[in-house]
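Following: one structure in structure tokens, then a few remarks.
Numbering (UniProt numbering), first residue to last: 1 to 312.
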């Protein structure tokens, strides 16, 4: 871990020295269309980027993030969807560099959790008028994550949702794809152990959140990406009709009315076991399987946020 400046000092350095590097995923929903607009607006604010990199091949993202960080910026500006930003979070965790977020994806859960404007001009202005804050970093075993680890229907949805459907519909593409998968999906039993207490539930979908948003919609008003806690919750129960109803409600209204099957399970560390063992979608990447130990690292990542953001 590198020595970190005070956050106020870090903020002042960004405003004074304007040392930034820019990486934009041009394969994201809006990345290719807006790349040159992003660069122009950043220059118009008086920044002279040390690196301006576009990512067309996702396999090169990590190397290009390393290239950008090697220039020594105070602020690493990254544009893309939640998967791109999750990779960026892993690169800047515990380092004396802040992450600047350009929300160019479909759901933009991470940007929403930070209270960022979702329009490009508004998000870019934050680099000039905002402040450096530190937020929580989630860990699934030894894998860092920014937003969410999920299990069940959503893992299949992530692999089957069509890119053209995301481009046309945006957020509703996910719940609508879930409707096609649900009829053949079997419920699973999950066991969540927190502080010695074991919680058992039967469901088609389980999420463990570090951030406040899932699928572009707010999970609950009192969830925060900066409170040192993870929150586990199920969508629906073991009954398909219950999950079908909630999925339709989210697709048509964008509102979450029910956390069916029980209350939130909240804790700094959780052991998740499932029957049967299941794949985990960790910020869009399916690489782990249960059992998984999840925990939160308070203040593990520095980000540029609006001045109004409550930094705990």
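Ideal Cβ positions, reconstructed from N, Cα and C, are used throughout, including at glycine.
Between the alpha carbons of residue 57 and residue 278 lies a distance of about 29 Å. Following the DSSP letters along the chain, one finds residue 9 in no beta strand (DSSP E) but inside the alpha helix (DSSP H) bounded by residues 7-17.
Rounded to whole angstroms, the separation of the alpha carbons of residue 146 and residue 136 is 8 Å.
Residue 304 is bridged by DSSP to 132. Here the stretch 57-73 makes no contact with the stretch 265-283; the two share fewer than three CB pairs at distances below 8 Å. By the criterion of a C-beta distance shorter than 8 Å, residue 123 is surrounded in its chain by 101, 102, 103, 111, 116 and 117, once the five residues flanking it on both sides are discounted. In terms of Cα proximity to residue 97, the closest of 223, 22 and 264 is 22. The Cβ neighbour count for residue 8, taken over all protein chains shown within 10 Å, is under 16; the residue is labelled exposed. Between the alpha carbons of residue 207 and residue 54 lies a distance of about 32 Å.
In terms of Cα proximity to residue 27, the closest of 16, 12, 80 and 41 is 80. In the structure shown, residue 207 falls within a strand segment according to DSSP collapsed to helix, strand and coil.
With a beta-carbon spacing of about 12 Å, residue 13 and residue 131 fall beyond the 8 Å limit used to define contacts. Sorting 139, 264, 305 and 153 by C-alpha distance to the C-alpha of residue 222 places 264 at the top.
The distance from the Cβ of residue 134 to that of residue 5 is about 11 Å, inconsistent with a contact at the 8 Å cut-off. Comparing alpha-carbon positions, the option among 227, 25 and 36 lying closest to residue 138 turns out to be 227.
The C-alpha of residue 74 lies about 18 Å from the C-alpha of residue 41. CA-CA distance, residue 25 to residue 48, rounds to 20 Å.
In this structure, the CA atom of residue 225 is about 10 Å from the CA atom of residue 310. Counting only runs of 3+ residues, the beta strand (DSSP E) found wholly inside the stretch 61-87 occupies 75-80, in chain order. Assigned with DSSP and collapsed to three states, residue 289 falls in strand.
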